[in-house]
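Report on the following structure.
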Amino acid sequence: MEPHETTVAERLNARQRELTRAERQVSDVILSNYPASGLGSITELAEAADVSTPTIARMVQKLDFAGYPEFQAKLREELNDILSNPIAKRDTWVSAAPDQHILNRFTQEASENIRSSLEQLDPTTFDRIAALIADPERRVHISGGRITQTLANYLFLHLQMIRSDVVLVPSNSNAWPHYLLDLKEGDILAVFDIRRYESSTQLLAEMARERGAEIILFTDQWRSPIQAIASHTVSARITVPSAWDSSIAILLVVEAAIAAVQELHWDDTRGRTEELEGIFDRTGLFRKFV
Numbered sequence: 001m002e003p004h005e006t007t008v009a010e011r012l013n014a015r016q017r018e019l020t021r022a023e024r025q026v027s028d029v030i031l032s033n034y035p036a037s038g039l040g041s042i043t044e045l046a047e048a049a050d051v052s053t054p055t056i057a058r059m060v061q062k063l064d065f066a067g068y069p070e071f072q073a074k075l076r077e078e079l080n081d082i083l084s085n086p087i088a089k090r091d092t093w094v095s096a097a098p099d100q101h102i103l104n105r106f107t108q109e110a111s112e113n114i115r116s117s118l119e120q121l122d123p124t125t126f127d128r129i130a131a132l133i134a135d136p137e138r139r140v141h142i143s144g145g146r147i148t149q150t151l152a153n154y155l156f157l158h159l160q161m162i163r164s165d166v167v168l169v170p171s172n173s174n175a176w177p178h179y180l181l182d183l184k185e186g187d188i189l190a191v192f193d194i195r196r197y198e199s200s201t202q203l204l205a206e207m208a209r210e211r212g213a214e215i216i217l218f219t220d221q222w223r224s225p226i227q228a229i230a231s232h233t234v235s236a237r238i239t240v241p242s243a244w245d246s247s248i249a250i251l252l253v254v255e256a257a258i259a260a261v262q263e264l265h266w267d268d269t270r271g272r273t274e275e276l277e278g279i280f281d282r283t284g285l286f287r288k289f290v
């Protein structure tokens with residue numbers, strides 16, 4: 001799949017208002033276990049969504065596919081992208097790499113990722129996420145996977161300065177069960193999960209949801225299976241000319257969320273920050289030039 005070719009999930013979410021109620025039922029089924037839920041026969045999908053096969057045929061045409069076979073071919077292509085390991089990712093972009101310096105190519109793709117991601121992100125959804133994270137009545141738990149734990153740690157360090165009751169949950173499954181003991185109904189779990197989607201991260205989200213937590217998911221354009229239980233999902237593009245995925249677009253949304261959260265309760269944040277700065281001064285953490 002081309003780096004910025006629109007995914008089926010993106011098309012479905014962008015055109016929700018154009019879909020009929022029956023077509024939205026199909027959309028819900030497809031997104032519930034994406035993309036696997038759309039890889040069966042049209043009859044199986046119709047039965048799962050409790051609609052007719054003509055309803056599905058009309059819906060895929062609204063998504064700009066000639067028919068169900070083309071729709072499924074796109075899903076299979078996406079599944080292959082999701083499962084790609086670093087070697088396969090590199091082979092894909094090297095075969096079609098333009099004659100430009102890697103710095104320029106990478107920057108162009110990363111910039112396009114940001115643009116495409118922001119086009120897909122509903123400002124209302126962003127505002128709700130910021131409000132949830134800022135809610136002083138809710139404890140915020142943050143976690144990620146093998147690579148995305150770096151993003152989780154970045155969000156944690158900033159929120160820890162802004163508000164109390166913020167917890168960084170280890171990504172290692174032999175450590176995070178202890179943190180579930182303190183997770184209560186109404187708490188927030190902000191979780192990061194991008195392809196190839198880690199089983200441990202999904203299990204953490206499922207168990208947190210069972211305990212009554214609201215899940216905020218930060219994921220890629222193909223969307224982690226965690227989206228099925230998430231209250232809110234941020235989907236950002238991650239494909240760049242590299243064997244590794246880029247977190248730049250996700251990080252931009254995270255930093256914007258940090259800025260929004262601090263402004264929602266600025267008086268409290270300011271007082272907390274002033275107190276923290278006093279502690280920094282006493283510990284001599286930062287160098288003084290005067």
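All letters in the sequence shown, in the order written, are residues 1 to 290 by full-length UniProt numbering. In this text, a Cβ means the ideal position worked out from N, Cα and C, and glycines have one as well.
Once the 5 residues before and after residue i are set aside, which same chain residues still bring their CB inside 7 Å of it?
i: Glu18; result: Lys62
i: Pro3; result: Any reading at Pro3 is ruled out, since the residue's pLDDT is 46, under 50, leaving its predicted position unreliable.
i: Leu183; result: His141, Ala208, Arg211 and Ala213
i: Leu252; result: Ile114
i: Ile215; result: Leu189, Val191, Ala205, Ala208, Arg209, Ile226, Ile229, Ala230 and Ser231
i: Phe286; result: Phe280
Output the distance between the C-alpha atoms of residue i and residue j, rounded to the nearest integer angstrom.
i: Asp187; j: Arg138; result: 5 Å
i: Ile279; j: Val140; result: 23 Å
i: His101; j: Arg115; result: 22 Å
i: Gly212; j: Leu157; result: 25 Å
i: Pro35; j: His265; result: 39 Å
i: Pro136; j: Arg105; result: 43 Å
i: Ala57; j: Gly67; result: 6 Å
i: Arg15; j: Arg128; result: 21 Å
i: Leu168; j: Arg270; result: 22 Å
i: Val234; j: Asp28; result: 17 Å
i: Pro123; j: Lys288; result: 40 Å
i: Leu79; j: Gln202; result: 18 Å
i: residue 294; j: Phe218; result: Any property of residue 294 remains undetermined from this structure, which presents the chain solely from 1 to 290.
i: Thr7; j: Ala48; result: 22 Å
i: Ala131; j: Thr148; result: 23 Å
i: Val51; j: Thr20; result: 11 Å
i: Thr107; j: Leu276; result: 36 Å
i: residue 316; j: Glu5; result: Residue 316 is absent from the model: the chain starts at 1 and stops at 290.
i: Ser200; j: Ser32; result: 19 Å
i: Arg272; j: Glu255; result: 19 Å
i: His178; j: Ser171; result: 12 Å
i: Arg24; j: Ile133; result: 29 Å
What span of residues does the beta strand (DSSP E) with residue i cover, start to end?
i: Val253; result: Counting along the chain, Val253 falls outside any beta strand (DSSP E), though it belongs to the alpha helix (DSSP H) covering Ile248 to Leu264.
i: Ala205; result: Premise fails: Ala205 lies in the alpha helix (DSSP H), Ser199 to Glu210, not in any beta strand (DSSP E).
i: Val234; result: His232 to Ser235
Does any residue of chain B bring its CB to less than 8 Å from the CB of residue i?
i: Val166; result: The question asks about chain B, but that chain is absent: this structure has only one protein chain.
Could you tell me which residues DSSP pairs with residue i in its beta bridges?
i: His141; result: Val167 and Leu189
i: Ile215; result: Leu189
Considering residue i, what are the terminal residues of the alpha helix (DSSP H) in which it resides?
i: Ile114; result: Ile102 to Gln120
i: Val26; result: Arg21 to Ser32
i: Ala228; result: Ala228 -> no alpha helix (DSSP H), and no H or E assigned at all.
i: Phe71; result: Tyr68 to Leu83
i: Gln149; result: Gln149 to Ile162
i: Pro177; result: Pro177 to Leu180
i: Ala62; result: For the record, residue 62 in the displayed sequence is Lys; it is not Ala. That run of the alpha helix (DSSP H) goes Thr53 to Lys62.
i: Asp245; result: Looking at the DSSP string, Asp245 is not in any alpha helix (DSSP H), and its letter there is neither H nor E.
i: Thr6; result: Run containing Thr6: none; DSSP gives neither H nor E here.
i: Asp127; result: Pro123 to Ala134
Taking 6 Å as the limit between beta carbons, can you name the residues of its chain near residue i, skipping five residues before and five after?
i: Met1; result: Note that Met1 scores 47 on pLDDT, short of 50, meaning its location in the model is unreliable; the coordinates nonetheless yield the value given after this. These residues qualify, in order along the chain: Glu77 and Asp81.
i: Arg237; result: Asn113, Ser116, Ser117, Gln221 and Ala249
Which same chain residues, not among the five before or five after residue i, have their C-beta less than 8 Å away from its C-beta?
i: Ile258; result: Leu155, His158, Leu159 and Ile162
i: Arg11; result: Leu63 and Asp64
Checklist entry - With contact counted as at least three CB pairs below 8 Å, one residue from each stretch, are the segment 191 to 203 and the segment 224 to 238 in contact? => result yes
Item to check | Segment contact flag, the segment 258 to 275 with the segment 144 to 164, C-beta cutoff 8 Å, min 3 pairs | outcome: yes
Next on the checklist: Would you call the segment 64 to 77 in contact with the segment 37 to 44, where contact means no fewer than 3 C-beta pairs closer than 8 Å?
Outcome noted: yes
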